[in-house]
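Chemist:
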Amino acid sequence: MIEWRPDVPRWKQVAEVIRGRIADGTYPPRTRVPSVMQLVDEFSVAQATAQKVHQGLRDDGLIYTEPGLGSFVAEQQ
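For the sequence shown, our numbering gives the first residue as 77, with consecutive numbering after it.
#1: Quick check on the burial criterion: 16 or more other C-beta atoms within 10 angstroms. Buried or exposed for Gly-144?
#2: Kindly give me the distance between the Cβ atoms of Ser-147 and Val-109, rounded to whole angstroms, as I take these residues to be in contact under 8 Å.
#3: Which residue comes first and which comes last in the beta strand (DSSP E) that contains Thr-141?
#4: Spatial neighbours of Thr-125 within its chain, please: CB distance less than 6 Å, with the 5 preceding and 5 following residues excluded, ordered by chain position.
#5: Going by DSSP, what residue range makes up the alpha helix (DSSP H) through Gly-132?
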């Protein structure tokens, strides 16, 4: 379980965990990352918070979303 820091928004803390998993190879390129609902279940956050995690990771170019299929780790340059 994550130890929440009060000075950092929760979505950023969850995104840090997912970034770490991408960096250490837990989620290799072109593999699926946890869905919004899986993030809700794993981290006990609100659905809106989990959606912000996905949006932040997309904005950073770490993941991409295929409608109807899910979100996947992007190839790193």
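Positions of the beta carbon are idealized from the N, C-alpha and C atoms, including for glycine. Predicted model, so just to flag it, every value in this text is computed and none were measured.
Modeler: Reading off the structure:
#1: exposed
#2: 5 Å
#3: 139-142
#4: Arg-86 and Trp-87
#5: 123-135
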